[in-house]
Amino acid sequence: MRISDMIEDFIKEMFSEEDFIEIQRNDLAQHFNCVPSQINYVIATRFNPSQGYYVESKRGGGGHIKIKKINITKSNYLMHAISSIGEKITSQEVDIFISNFLSEDIVSSLEAKLLKVATSDNVLTIPQEYRDTLRANIFKNMLVNLVED
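Every number in my numbering is 30 more than the matching position in the sequence shown, counting from 1.
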């Protein structure tokens, strides 16, 4: 298991009791015997709004970080994801969204497969300069259709 995964799991375990936590960046870095920037990386990449978290970070004094888990419905989660997708999206970015959807039980494994296939480069056989724009349109429209009333 990579250090980033261990840090992520440790932070997520802290949420078992509360939906709001406060941590000191330096204390966590010391606990995992890593540099504080590793903590920053994990928080920036794995605890962001598209994954259902709100982060407030303060520099100095060991780097105080507040993380709040946003309890949202499937529909709100999907609508937030849709609004965060720009005019273009890469295949790798779609994979990240789908992985997050699966880990949060937002989509089923069948829905995830369909999202992935419909947005893959194997299907989007148009010139590269248009591919990411078409992928974004397809992905957003598929997500809109997964939103429950």
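Where is the CB? At the ideal position from N, CA and C, for every residue including glycine.
Problem set entry | Beta bridge counterpart(s) of LYS96 as assigned by DSSP | GLU52 and GLU86
Exercise. Is the region 107 to 116 close to the region 59 to 75, with three or more CB pairs under 8 Å?
Worked result: no
Problem set entry | Three-state secondary structure (DSSP) of ASN130 | helix
Problem set entry | Simplified DSSP state of GLU117, which is helix, strand or coil | coil
Exercise. Cβ of LYS181 within 8 Å of Cβ of THR163?
Worked result: The displayed coordinates of the chain run from 31 to 179. Any statement about residue 181 would go beyond what the structure contains.
Exercise. What did DSSP end up calling GLU47 once you bin it into helix, strand or coil?
Worked result: coil
Problem set entry | DSSP state of GLU123 mapped onto helix, strand, coil | helix
Exercise. What is the DSSP secondary structure of SER67, counted as helix, strand or coil?
Worked result: helix
For this session: Return yes when the Cβ of ILE100 is within less than 8 Å of the Cβ of TYR83, no when it is not.
Result: yes
For this session: Could you please give the first and the last residue of the uninterrupted alpha helix (DSSP H) stretch that includes THR163?
Result: 158 to 176
Exercise. Between the C-alpha atoms of LYS88 and ILE73, what's the straight-line distance to the nearest angstrom?
Worked result: 13 Å
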